[in-house]
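*Asks:* Protein chains in written order, with our numbering: chain A, -9 to 434; chain B, 587 to 869; chain C, 406 to 713.
Where a beta carbon is used, it is the ideal one built from N, C-alpha and C, also for glycine.
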Amino acid sequence: MSAGRSMNRRDFLKLSGAGLAGATLLGAAACGGGGGEAQNGDGPIEIIFSFGPDDSGTLQEVVSRFNEEHEGEIQVNYREMPADTGQYFDQLRTEFQAGGGDIDVIGGDVIWPAQFAANGWILDLSDRFTEEDRQEFLEGPIESNTYDGSVWGVPWFTDAGMMYYRQDLLEEAGFSEPPETWDELKEMALETAEATGTQFGFVFQGAQYEGGVVNGLEYIWTHGGDALSEEGSEVTISEPPAVSGLETQRSMIDDGVSPDAVSSYKEQESHEAFLRGDAVFLRNWPYVYALAGDEGESEVSQDQIGIAPIPTGPDGGSFSGLGGWNFYINAASDPEVQDAAYEFIQFATSTEIQRFRALEGSFLPTRTELYDDQEIQDTVPVIALGRENLERSRPRPVSPVYSDMSLIMQEQFNSSLRGQKPPQQAADDAGNEMQSIVDRAESL
Amino acid sequence: MAAATSSGSGNLWRSVAFYAFIAFFLLVALFPLLWVFKMSIITRAEIFASPPTILPNTLTGTSYETIFSDARFQRAILNSVIVAGVTTVICLFLGSIAAYAIARLRFRFKSPFLTLILAIAFFPPVAIIAPLFVQFSQAGIINTYASLIIPDVVFALPLTVWLLVAFFKELPFDLEEAAKVDGATTLQAFWKVIVPLSAPGVFTTAILTFIFAWNEFLFANTFAFDISVQPVTVVIPQFATIYTVDYGAQAAAAVVVTIPLVILVLIFQRRIVSGLTAGAVKG
Amino acid sequence: MAQQSQKKEPGFFGKIKEEFTTAESRTAYYMTVPTLAVILIVAFFPIMYSMILSFQQVTPQQTFGTFVGLQNYVAMFQDPSFRDAFFNTTVFTVVSVALEFVLGLAIALAINRQFRGRGMVRAAVLVPWAFPLVVSALMWRLMYQDQIGIINYVANTLGLITQPILTDEGLLLIGAIVSDVWKTTPFVALLLLAGLQTIPGDVYEAARVDGASRVQQFFKITMPLLKGSILVALLFRTLDAWRIYDLFWVMSDRQLESFSTYVYKAVRISQLNFPLGNAAAVFIFLSALVLAFIFIKGFGMQTSPGGK
Chain A
-9 MSAGRSMNRR DFLKLSGAGL AGATLLGAAA CGGGGGEAQN GDGPIEIIFS FGPDDSGTLQ
51 EVVSRFNEEH EGEIQVNYRE MPADTGQYFD QLRTEFQAGG GDIDVIGGDV IWPAQFAANG
111 WILDLSDRFT EEDRQEFLEG PIESNTYDGS VWGVPWFTDA GMMYYRQDLL EEAGFSEPPE
171 TWDELKEMAL ETAEATGTQF GFVFQGAQYE GGVVNGLEYI WTHGGDALSE EGSEVTISEP
231 PAVSGLETQR SMIDDGVSPD AVSSYKEQES HEAFLRGDAV FLRNWPYVYA LAGDEGESEV
291 SQDQIGIAPI PTGPDGGSFS GLGGWNFYIN AASDPEVQDA AYEFIQFATS TEIQRFRALE
351 GSFLPTRTEL YDDQEIQDTV PVIALGRENL ERSRPRPVSP VYSDMSLIMQ EQFNSSLRGQ
411 KPPQQAADDA GNEMQSIVDR AESL
Chain B
587 MAAATSSGSG NLWRSVAFYA FIAFFLLVAL FPLLWVFKMS IITRAEIFAS PPTILPNTLT
647 GTSYETIFSD ARFQRAILNS VIVAGVTTVI CLFLGSIAAY AIARLRFRFK SPFLTLILAI
707 AFFPPVAIIA PLFVQFSQAG IINTYASLII PDVVFALPLT VWLLVAFFKE LPFDLEEAAK
767 VDGATTLQAF WKVIVPLSAP GVFTTAILTF IFAWNEFLFA NTFAFDISVQ PVTVVIPQFA
827 TIYTVDYGAQ AAAAVVVTIP LVILVLIFQR RIVSGLTAGA VKG
Chain C
406 MAQQSQKKEP GFFGKIKEEF TTAESRTAYY MTVPTLAVIL IVAFFPIMYS MILSFQQVTP
466 QQTFGTFVGL QNYVAMFQDP SFRDAFFNTT VFTVVSVALE FVLGLAIALA INRQFRGRGM
526 VRAAVLVPWA FPLVVSALMW RLMYQDQIGI INYVANTLGL ITQPILTDEG LLLIGAIVSD
586 VWKTTPFVAL LLLAGLQTIP GDVYEAARVD GASRVQQFFK ITMPLLKGSI LVALLFRTLD
646 AWRIYDLFWV MSDRQLESFS TYVYKAVRIS QLNFPLGNAA AVFIFLSALV LAFIFIKGFG
706 MQTSPGGK
């Protein structure tokens, strides 16, 4: 990734690009549409802000409020990206590799900053987003933005794994408290399902995708294990605590607590089962609580549902996988655009706007003070109910080659859960492949 | 008229068996489409009903309302029409002149040319996405219609050329001679005589090329990043929000993008069949 | 005009020059060059570039890396994901093409006669063919899904499966084959039917007079005369199956690996497997070439449309 090389590359590619463009002039000329337009000399600074589909409508509102306040100075244009995080990531990476692309502000997943930063694609925000500013935010999301001693993003809204349970069903079966350990969960799930005629004990996300990694890691963490060592150079996924985590996960299916199909479930399928009243327990993100308040979506109401921390194994604490979204700034944007972009980020992460998004769209704020806001607690009870989970949220490995590691964990966690291979073997295979990735990444 | 040449009860049974086979075949061929159509017109609750209902119980237009009020979907349809339409026009232009030369002119390297063009029909597109990606980026056309149309044209051309060669060969050879006697050049003979006379064939080729481009997924999934250029094939599987998938809307979208093709196919079935089998049977 | 060139053998460039002396062939070259240029630039130049990269240690951010010989190919064949891709693609190709051929031939034979409703059957046959592959993949996924899928439900009720279809790679592969057979058998049947219709009826008449049984007629007359159509259908289907991407990607939701999904993941998703992805791209290109060569040379397939 040296500068000399990139110069060569540029010349070479320009040449071939020109040839290509020439030969297919016909095609290119016939269809100029779709590209971005050039920045005008006068007029407001235009910023392109990318994020997935905004089904709550609050994002549009935030953007237009900002544009109103900065009329004539800054104009933010929201570009809708794929709902699927993996596809969104592929597309961003694609644009960056293509020489930066035209997106200026990225509303991006918490797992992205290390990969973007290592390639020099996003701006180091350490100076803008000062230590003092950072103290007002939750710790987990800040941690996810910290790579190589710098801070690369501003936390926007957060997510953490929640253990939903059916309060009414547990009471019916004679349980007054939610489970604290995985063993208790299994026992309660089986007994409650039996006593109340519920189809499944427990559903979660076991499919071969990023969410499956978060679920798998939660089992591993709560058994005292981890995927990588603290400094990130050593793979610890095949060590006994991690393996026992995967064993517990597999036992959910073996012991009949979870359906076989759970290994193909993503968020949708699992919340569907729970909200249709077919499951006693559900591991999912905070959004499910709001869905339960919607009669069109749910046959279960909010007061039938409780939220507990993720259960623990014999020797581990409770941890929730950290999800959520941060703002990043494209390193290839013009400096004045970057300044304007940061202004937008400050606006969108301000107390007032985060409060608005929490109240109107149930997005979990990243500013700690908002967790004590009475109106938010009343309107979005999941914030109070799940506060413990949010405080125990833990980011996935922060690594510049995370997407390669994730591909491996997705595959191995899933084959362990499906019973295609024993957890020990899946963990060994994951360990070997991940170690080779760490080694190769270091040699690059 | 299966039993036209003979009579008797044995033949009656044979007829019955034959039509039973045809009915079964039709059912299998159409079932998935019917099933998805059913999914698109029933309520959410019925979609999830277990056991599933065979006939729709609760009719609703919600799914269609969802997709038609969705700006993304409208845009995707527009994108698909533009990409497939422009691809078809370019393919017909390039393909018809090349096909004319191959079908009706004599030149030494004809057979290597044809082999090369046909080789593309067997070329795995995935093998070139990485280099094309870089080239498109550098040429500044990544994430534009051009980045979809260019590879689509290349991969549709063999089909276009193949069909047009077959159609052009069907015309009698003295046509151009007559035109040339009247003072026309080769090109004039081509535009003024051959193309109009093979209009039905050209039209069939256009339909098939359009369907080919309409259905393309790999390039669209690689080179189109956002909804301003993504065609329906990319948008439909993504028809979801961050956590939720609206199965009814997905089904409705599948129906909507397929209906135009089904209509095309029904109207032009005779032509399409002759196009699809052109060349393949005469060799 | 063209016969002149047979008298003496000029060099390669001489030949080209000579070709340009006659107006007819000159026009022919002008007419074919645009198509040729587009194909060369958009398809063959990039594959050459992939070939170079496949022998190098290189990241997606570099133009050229350092030469490492066959190392990427060795690593590729050792990669368990590539082996999965190899297995899945091979099984998928062999089984789905075989099924499509047998079923397609059966259907073609069955409907190769005049009967009422023939137009309807032909139209119905075209419906699956016209479906966008992605939409068909999605549709089948919805039918295989465990909460709303009719096929999963029926298979489960009948005791055909012990696991939900989407959770088992074997079942997913079978599911992919079923959906491909559904989509392309009609196309194969159409090609073969067209071939059948070119066989004159009096050939069979003569055979019948000679006392050949129906089975004998089939193997002695139908099959040899149908050979051209069969080869065309098989070649198209084999190479289509060999590069399958859309179906696996969407129907299995990225879970089932084929050559094409492997390449896609390596060059578009992974940060580190870019060189392996290039090696796999070259592998799939060369293997497709070999397959086509076997069909064309090995089986003597005719490649020019409309005959000579």
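If distances are taken between C-alpha atoms only, which option among B:Thr772, B:Ala615, B:Phe811 comes closest to Ser430 (chain C)?
*Replies:* Checking every option, the nearest Cα to that of Ser430 (chain C) belongs to B:Thr772.
*Asks:* With DSSP run on the structure shown, which of helix, strand or coil describes Pro355 (chain A)?
*Replies:* In the structure shown, Pro355 (chain A) sits in a strand (DSSP, three-state: E or B).
*Asks:* Going by DSSP in three states, Gly143 (chain A) sits in which element: helix, strand or coil?
*Replies:* Looking at Gly143 (chain A) - three-state DSSP - the assignment turns out to be coil, as it is neither helix nor strand.
*Asks:* For a contact meaning CB atoms closer than 7 Å, what does Glu85 (chain A) contact in chain B?
*Replies:* In chain order: Phe811.
*Asks:* Check whether the stretch 295 to 306 of chain A and the stretch 120 to 137 of chain A are in contact - that is, three or more C-beta pairs closer than 8 Å.
*Replies:* With a cut-off of 8 Å, the stretch 120 to 137 of chain A and the stretch 295 to 306 of chain A do not count as touching, because too few Cβ pairs lie within range.
*Asks:* Listed from N- to C-terminal order along the chain, which residues in the stretch 709 to 739 of chain B have their beta-carbon within a distance smaller than 8 Å of any beta-carbon of chain A?
*Replies:* Hits within the stretch, in order: Phe719, Val720, Gln721, Phe722, Ser723, Gln724, Ala725, Gly726, Ile727, Ile728, Asn729, Thr730, Tyr731, Ala732, Ile735, Ile736, Val739.
*Asks:* Whose Cβ in chain C lies nearer than 8 Å to the Cβ of Gly681 (chain B)?
*Replies:* Those are Thr440, listed as they occur along chain C.
*Asks:* Since Ser253 (chain A) meets chain C, which of its residues come closer than 7 Å, beta carbon to beta carbon?
*Replies:* Neighbours of Ser253 (chain A) on chain C, chain order: Thr572.
*Asks:* Mind checking whether Val290 (chain A) and Ala282 (chain A) have CB atoms under 7 Å apart?
*Replies:* Cβ atoms of Val290 (chain A) and Ala282 (chain A): closer than 7 Å.
*Asks:* Considering only the alpha carbon of each residue, which of A:Ile210, A:Tyr361, A:Tyr279 lies closest to Pro387 (chain A)?
*Replies:* Residue A:Ile210 is the option with its Cα nearest to Pro387 (chain A).
*Asks:* DSSP three-state label for Trp315 (chain A), please.
*Replies:* Strand, per DSSP.
*Asks:* Within 7 Å of any Cβ in chain B, is that where the Cβ of Thr471 (chain C) sits?
*Replies:* Answer no: the Cβ-Cβ gap between Thr471 (chain C) and chain B never drops below 7 Å.
*Asks:* List the residues of chain B whose Cβ lies closer than 7 Å to the Cβ of Gln81 (chain A), in chain order.
*Replies:* In chain order: Phe811.
*Asks:* Could you name the residues of chain C that Glu287 (chain A) contacts, counting a contact when the two beta carbons are closer than 9 Å?
*Replies:* Result: empty, since nearest Cβ-Cβ is about 15 Å, beyond 9 Å.
*Asks:* Quick one: Cα of Gly861 (chain B) to Cα of Val637 (chain C), how far?
*Replies:* Rounded to the nearest angstrom, the two C-alpha atoms are 14 Å apart.
*Asks:* Can you give the Cα-Cα distance for Gly17 (chain A) and Ala725 (chain B), rounded to whole angstroms?
*Replies:* Because the pLDDT of Gly17 (chain A) is 38, which lies under 50, any placement of that residue in the model is unreliable, and the number read from its coordinates should be weighed accordingly. Going by the C-alpha atoms only, they are around 13 Å apart.
*Asks:* Would you report the Cα separation of Asp738 (chain B) and Thr673 (chain B), rounded to the nearest angstrom?
*Replies:* The straight-line gap from Cα to Cα measures roughly 7 Å.
*Asks:* Let me know the secondary structure DSSP gives Met628 (chain C) once reduced to three states.
*Replies:* Looking at Met628 (chain C) - three-state DSSP - the assignment turns out to be helix.
*Asks:* Give the list of continuous alpha helix (DSSP H) stretches no shorter than 4 residues that lie fully inside the stretch 680 to 758 of chain B.
*Replies:* Those alpha helix (DSSP H) runs which fall completely within the stretch 680 to 758 of chain B and span 4+ residues are 696 to 707, 715 to 725, 731 to 756.
*Asks:* Which class does Asp419 (chain A) belong to by DSSP, given the choice of helix, strand or coil?
*Replies:* Correct three-state label for Asp419 (chain A): helix.
*Asks:* Whole alpha helix (DSSP H) runs in the stretch 344 to 406 of chain A with 4 or more residues, listed along the chain?
*Replies:* Runs found: 364 to 369, 371 to 375, 377 to 381.
*Asks:* Tyr454 (chain C) CB to nearest chain B CB: under 7 Å?
*Replies:* It does; some Cβ of chain B falls within 7 Å.
*Asks:* Going by alpha carbons, who is nearest to Ile570 (chain C) out of A:Ser254, A:Gln402, A:Arg266?
*Replies:* The option with the nearest alpha carbon to Ile570 (chain C) is A:Ser254.
*Asks:* For Ala770 (chain B), does the three-state DSSP call read helix, strand or coil?
*Replies:* Of the three classes helix, strand and coil, the one that applies to Ala770 (chain B) here is coil, per DSSP.
*Asks:* Taking all protein chains shown into account, decide if Pro485 (chain C) is buried (16 or more other Cβ within 10 angstroms of its Cβ) or exposed.
*Replies:* By the neighbour-count rule (16 or more Cβ atoms within 10 Å), Pro485 (chain C) is not buried but exposed.
*Asks:* Measure from the C-beta of Val788 (chain B) to each C-beta in chain C and report whether the shortest distance is under 7 Å.
*Replies:* No, its Cβ sits nowhere closer than 7 Å to a Cβ of chain C.
*Asks:* Since Gly214 (chain A) and Gly306 (chain A) are thought to touch, with beta carbons under 8 Å apart, how far apart are those beta carbons, to the nearest angstrom?
*Replies:* Confirmed, Cβ separation roughly 4 Å.
*Asks:* Here's the rule: buried if 16 or more other CB atoms are within 10 angstroms of the residue's CB, otherwise exposed. What is Trp647 (chain C)?
*Replies:* By the neighbour-count rule (16 or more Cβ atoms within 10 Å), Trp647 (chain C) is buried.
*Asks:* With distances taken Cα to Cα, identify the nearest neighbour of Asp658 (chain C) among C:Phe679, C:Arg613, C:Ala542.
*Replies:* Of the candidates C:Phe679, C:Arg613, C:Ala542, the one whose C-alpha sits nearest the C-alpha of Asp658 (chain C) is C:Ala542.
*Asks:* Just to make sure I have the definition right: I need the residues of chain B whose C-beta is within less than 7 Å of the C-beta of Pro72 (chain A). Which are they?
*Replies:* By Cβ distance, chain B contributes Gln824.
*Asks:* So that I know if they touch, is there some Cβ in chain A lying closer than 7 Å to that of Gln568 (chain C)?
*Replies:* Taking Cβ atoms only, chain A reaches closer than 7 Å to Gln568 (chain C), which makes this a yes.
*Asks:* State the beta-bridge partners of Leu645 (chain B) as determined by DSSP.
*Replies:* B:Ile628.
*Asks:* Rounded to the nearest angstrom, how far is the Cβ of Asn729 (chain B) from that of Val815 (chain B), given a contact under 8 Å?
*Replies:* That pair is a contact at about 6 Å.
*Asks:* Name the DSSP bridge partner or partners of Gly97 (chain A)?
*Replies:* DSSP, once it has assigned bridges, lists A:Phe317 as partnering Gly97 (chain A).
*Asks:* Indicate whether at least one CB of chain B lies closer than 7 Å to the CB of Ala480 (chain C).
*Replies:* Chain B, which has no Cβ nearer than 7 Å to the Cβ of Ala480 (chain C), makes this no.
*Asks:* Taking Cβ-Cβ distances below 7 Å as the criterion, which residues of the stretch 391 to 419 of chain A are in contact with chain C?
*Replies:* Here the close residues are Val391, Ser393, Asp394, Leu397, Arg408.
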